[in-house]
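A short write-up of the structure that comes next.
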């Protein structure tokens, strides 16, 4: 095969250790561009009674940050406790699940392995050799006070610096159940119960997830996770390739950085697919080529989840040809919120790149954009309330898939305006969703693309 020193199975196993598009990262060495957030979480967890809530778009890396931070802070004797929200979970079932995992009890097997500690709570025994059923635990939790009491008992038999991660908190369907966690955090702080929680959830604001108990906010360090900076995107791909002694040309690396729109999921996926294309080459190679890159993009498009593909396909399949150009124009820059006039300019630039002889007029373009708000057209866009003619994505992660789809068809969406010299911004930019720089000054990917097309 094309990567020296690896059989197919050895390469696949090693690749899974280097890149992780399908599961969260838990190692600080593999987490790129989140140093500030990690430091913020670690400092926050040292404060008694404080917990962390990480929120943001789907695919932005919330679970990876939570897992890495949990392992970084958690005591070295045991692993953090991980539970997840889902459509069938409730406040009671999650607390019962935490209790079971804390005592090394399987949720589905009613026996526990022998240990040297235990306790009895409301008639339910947590001890060596005693059968415990998670339903028994849940049935005894009548309210937030009972949950706090149970966690207090758990905290006394577990090592110090215990961290509990509740992932996908937004998936808990009942708003009342989610609100109970706000009250629970307040009680944990008031009673000085030595357990730390890290929550993650998909949301644009913390109020969408935990809005009932404003006084609980002082127990929370809230972190809105932004898109990865350009430098972090670049380093992630470069180091993944270097692990296999493969060189990644800068122009291809920056293209990947553009396409992924700052979402770690897309970076890991594209890099994984490119490395498989390199491995499958007939000859030994030590550098990624444009052919590897192109085939990797096509493979990545096929591997993206149906949940992300479906809105795009509804918008463009069985439509007139211009709809694909219009959809691409919505994702042409790093801005999450854009006015109609800017998207129209992006559309004209795409028409030039595709060397089409004609384009739709401004009125027709505007109607196409309005159609993209409707379910029959994929409901890709939503209007920005209070700003006429401005639009954003209903699902921001879809912007990355649109870029990926365009790139697989030979069109790099990197903005239709002159790129300014990069500047660092101190806070999250509401319009672009990132605090990192733009494409580094002096990198002219557009010129390389045009040269190849000529």
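In this note's numbering, the protein residues as written are 768 to 1221. Note that CB positions come from ideal geometry on N, CA and C, so glycine has one too. Since this is a predicted model, take the numbers as computed values, not measurements.
Identify the continuous beta strand (DSSP E) that holds residue i and give its terminal residues.
i: residue 987; result: 987-991
i: residue 1105; result: 1104-1106
i: residue 1158; result: 1157-1160
i: residue 1059; result: Run containing residue 1059: none in the beta strand (DSSP E); it sits in the alpha helix (DSSP H), 1057-1070.
i: residue 819; result: 818-823
i: residue 948; result: Taken as a continuous stretch (DSSP letters only), residue 948 belongs to no beta strand (DSSP E), being part of the alpha helix (DSSP H) at 942-957.
Is the beta carbon of residue j closer than 7 angstroms to that of residue i?
i: residue 791; j: residue 853; result: no
i: residue 800; j: residue 1009; result: no
i: residue 930; j: residue 840; result: yes
i: residue 987; j: residue 820; result: yes
i: residue 1040; j: residue 1061; result: no
i: residue 975; j: residue 851; result: no
i: residue 1180; j: residue 1173; result: yes
i: residue 944; j: residue 1011; result: no
i: residue 750; j: residue 963; result: Outside the displayed range of the chain (768 to 1221) lies residue 750, so it cannot be described from this structure.
i: residue 1083; j: residue 1135; result: no
i: residue 1124; j: residue 1110; result: no
i: residue 904; j: residue 863; result: yes
i: residue 788; j: residue 1030; result: no
i: residue 804; j: residue 990; result: yes
i: residue 1045; j: residue 769; result: yes
i: residue 1034; j: residue 1000; result: yes
i: residue 798; j: residue 845; result: no
i: residue 1068; j: residue 1171; result: yes
i: residue 1156; j: residue 1106; result: yes
i: residue 1161; j: residue 1146; result: yes
i: residue 915; j: residue 908; result: no
i: residue 1168; j: residue 1075; result: yes
i: residue 1163; j: residue 957; result: no
i: residue 866; j: residue 848; result: no
i: residue 1159; j: residue 1119; result: no
i: residue 992; j: residue 829; result: yes
i: residue 965; j: residue 1073; result: no
i: residue 838; j: residue 793; result: yes
i: residue 960; j: residue 925; result: no
i: residue 1054; j: residue 1100; result: no
i: residue 1231; j: residue 1024; result: A question about residue 1231 goes unanswered here, because the residues of the chain that appear run from 768 up to 1221.
Look up residue i in the DSSP assignment and say whether it is helix, strand or coil.
i: residue 1121; result: coil
i: residue 769; result: coil
i: residue 1223; result: Residue 1223 cannot be examined here, being either before or after the span of the chain that is shown, 768 to 1221.
i: residue 835; result: helix
i: residue 920; result: helix
i: residue 1084; result: coil
i: residue 1099; result: coil
i: residue 1178; result: coil
i: residue 813; result: coil
i: residue 897; result: Low local confidence applies: a pLDDT of 48 at residue 897 is under 50, so the model's placement there is unreliable, and no value is given.
i: residue 1049; result: coil
i: residue 791; result: coil
i: residue 845; result: coil
i: residue 1111; result: helix
i: residue 906; result: helix
i: residue 803; result: helix
i: residue 925; result: coil
i: residue 855; result: coil
i: residue 1154; result: coil
i: residue 976; result: coil
Could you give the first and the last residue of the continuous alpha helix (DSSP H) run that contains residue i?
i: residue 865; result: 858-869
i: residue 962; result: Note, residue 962: premise wrong, no alpha helix (DSSP H); not H, not E.
i: residue 1149; result: Not the alpha helix (DSSP H): residue 1149 falls in the beta strand (DSSP E), residues 1148-1150.
i: residue 1137; result: 1129-1138
i: residue 1172; result: 1164-1175
i: residue 799; result: Careful: residue 799 lies outside any alpha helix (DSSP H) and carries neither H nor E.
i: residue 828; result: No alpha helix (DSSP H) holds residue 828; DSSP gives it neither H nor E.
i: residue 779; result: 775-785
State the beta-bridge partners of residue i as determined by DSSP.
i: residue 850; result: 933
i: residue 969; result: 823
i: residue 1054; result: 1014
Please find out if some non-hydrogen atom of the ligand FMN comes closer than 6 angstroms to the beta-carbon of residue i.
i: residue 1036; result: The ligand FMN is not part of this structure, which contains no ligands at all.
Those runs of the alpha helix (DSSP H) which lie wholly inside the stretch 984-1043 and span at least 4 residues: Restricted to the stretch 984-1043, the alpha helix (DSSP H) segments that are unbroken, complete and at least 4 residues in length are 997-1010, 1017-1027, listed in chain order.
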